[in-house]
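A short write-up of the structure that comes next.
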Amino acid sequence: MPSVEEIAREIVAREGGFVNDPADPGGATKYGVTLGTLRGLGLDLTGDGTVSVADVKALSREQAEAIFVEHYFKRPGIAALPETLHASVFDMYVNAGANAVKVLQRLLTEMGFACTADGAIGPQTVAAAAQAAAAAPGHLADAYAIARRNYYYSLADARPASRKYARRRDGGKGGWITRAEQFMAPQYRLTEAQHQARVAKWA
Numbered sequence: 497m498p499s500v501e502e503i504a505r506e507i508v509a510r511e512g513g514f515v516n517d518p519a520d521p522g523g524a525t526k527y528g529v530t531l532g533t534l535r536g537l538g539l540d541l542t543g544d545g546t547v548s549v550a551d552v553k554a555l556s557r558e559q560a561e562a563i564f565v566e567h568y569f570k571r572p573g574i575a576a577l578p579e580t581l582h583a584s585v586f587d588m589y590v591n592a593g594a595n596a597v598k599v600l601q602r603l604l605t606e607m608g609f610a611c612t613a614d615g616a617i618g619p620q621t622v623a624a625a626a627q628a629a630a631a632a633p634g635h636l637a638d639a640y641a642i643a644r645r646n647y648y649y650s651l652a653d654a655r656p657a658s659r660k661y662a663r664r665r666d667g668g669k670g671g672w673i674t675r676a677e678q679f680m681a682p683q684y685r686l687t688e689a690q691h692q693a694r695v696a697k698w699a
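Count along the sequence shown from 1, add 496, and you get the number used in this note's numbering.
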C-alpha cells in the first residue's frame with residue numbers, strides 16, 4: 497500500500513492548480529487547498545498580515561501535501577481505519593470534509609455494523625470498520641467507492657450548480673465521478689450508457 501505521503505502527492509496531482517470558480521462553494525483553491533482552509537490555519541504565506549487569494553496562489557505543492565497529511569489524514573483519525581480505506585477516505589476528506597466519514601458510517605450501518613453518522617472517527621466507527629473489513633476484506637474499498645460515487649450524484653441531483661462536476665459538457669462523466677471510480681475495481685465502474693441514464697433527468 498502507498499504511504500500517506502504518496503497518497504497526498506497523488507491527491508495534489510488530481511486537484512490541479514489555482515482555480516477560483518464562482519460556482520464552487522470552496523472559493524479560491526489551489527492543489528485542493530481552499531482560502532477558507534488557509535484562513536482557518538492562519539497561514540499568511542505572503543507575509544502581508546492577511547490571508548487572502550494571494551496566499552492561495554502562493555501555496556506550493558509541498559505545503560499543500562503537508563496540510564493534507566496533518567489536517568486531512570492524521571487529525572481526523574483516518575489512520576485508525578483499515579488500511580484498505582486509507583486512500584479513498586483520505587482523498588474524499590480533502591474533497592468533501594467530514595462528509596467523507598459520514599458516507600463511510602452510513603455504509604457500515606447498511607452493512608450491519610451500526611455506527612452514528614456524525615462525521616467523526618471515534619471508537620465506534622473504528623470498530624465497525626474493522627468488523628466490516630474482516631467480514632468482506634475484498635469488497636469494503638469497492639463498496640465505499642460506490643457509496644462515494646452515489647453521494648456525488650445525489651449532491652448534483654440536489655444542487656444544479658454542482659452538476660458540471662458530475663457531468664461534462666459533452667455528457668460524459670465529470671471529475672467527481674471519475675475520481676470516485678479510480679478507487680474501485682473496473683467492473684464496478686459505470687459504462688457511459690449507465691452514466692447517461694443516471695443523469696438523464698438533469699436539464
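Built from N, CA and C at the ideal position, the CB exists for glycine as well.
Keep in mind the model is a prediction, meaning the values are calculated, not measured.
Do you know whose CA, among Val549, Thr542 and Asp544, lies nearest Thr530's CA? On the sequence shown, position 34 is the one that residue 530 refers to. Nearest of Val549, Thr542 and Asp544 to Thr530, Cα basis: Val549.
Cutting at 7 Å between CB atoms, please list the residues of its own chain near Gly667, excluding the five before and the five after it. For the purposes of this step, residue 667 is taken as the residue at position 171 of the sequence shown. Excluding sequence neighbours, Gly667 sits near Gln692.
If you follow the alpha helix (DSSP H) that Tyr640 is part of, which residue opens it and which one closes it? Indexing the sequence shown from 1 puts residue 640 at position 144. Membership of Tyr640 in the alpha helix (DSSP H) is indicated by the continuous run Leu636 to Ala654.
Can we say the region 626 to 640 touches the region 597 to 612, given the rule of at least three CB pairs closer than 8 Å? They touch, by the three-pair rule.
Near Gly523, which residues of its chain fall below 8 Å by C-beta distance, leaving aside the five closest residues on each side in sequence? Position 27 of the sequence shown, counting from 1, holds the residue named residue 523. Closer than 8 Å at the Cβ level, and outside the excluded window around Gly523, lie Asn516, Thr530, Leu531 and Gly532.
For the candidate residues Leu600, Arg571 and Ile563, whose alpha-carbon lies nearest to that of Ala580? Position 84 of the sequence shown, counted from the first residue, corresponds to residue 580. Correcting the residue type first, residue 580 is Thr in the shown sequence and not Ala. Selected option, being the one with the closest Cα: Leu600.
Exposure of Ser584, with buried meaning 16 or more beta-carbon neighbours within 10 Å: As a working mapping, residue 584 is identified with position 88 in the sequence shown. Taking all protein chains in view, the Cβ of Ser584 is crowded by 16 or more other Cβ atoms within 10 Å, so the residue is classified as buried.
Should Trp698 go down as buried or exposed, given a rule of 16 or more other Cβ atoms within 10 Å for buried? On the sequence shown, residue 698 is found 202 positions in, with the first residue counted as 1. By the Cβ neighbour-count rule, Trp698 is exposed, with fewer than 16 other Cβ atoms within 10 Å of its own.
Are the CB atoms of Pro572 and Ile617 within a distance shorter than 8 Å? On the sequence shown, position 121 is the one that residue 617 refers to. On the sequence shown, position 76 is the one that residue 572 refers to. Contact flag set, yes.
Three-state secondary structure assigned by DSSP to Thr530: On the sequence shown, position 34 is the one that residue 530 refers to. Thr530 falls in the strand class under three-state DSSP.
With DSSP collapsed to three states, give me the class of Lys669. Here the question's residue 669 lines up with position 173 in the sequence shown. In the structure shown, Lys669 sits in a strand (DSSP, three-state: E or B).
Buried or exposed for Leu603, going by 16 or more other Cβ atoms inside 10 Å? For the purposes of this step, residue 603 is identified with residue 107 of the sequence shown, where counting begins at 1. With 16 or more other Cβ atoms within 10 Å, it is buried.
Tell me which residues share the same chain as Gly670 and place their Cβ nearer than 7 Å to its Cβ, disregarding the 5 neighbours each side in the sequence. In the sequence shown, residue 670 corresponds to position 174, counting from 1. Hits under 7 Å: Lys660, Tyr661, Ala662, Arg663 and Arg664.
Could you give the residue range of the alpha helix (DSSP H) that holds Thr621? Within the sequence shown, residue 621 is the residue found at index 125, counting from 1. Pro619 to Ala631 is the extent of the alpha helix (DSSP H) around Thr621.
Identified DSSP bridge partners for Arg663: Residue numbering aside, residue 663 sits at position 167 when the sequence shown is read from its first letter. Lys669.
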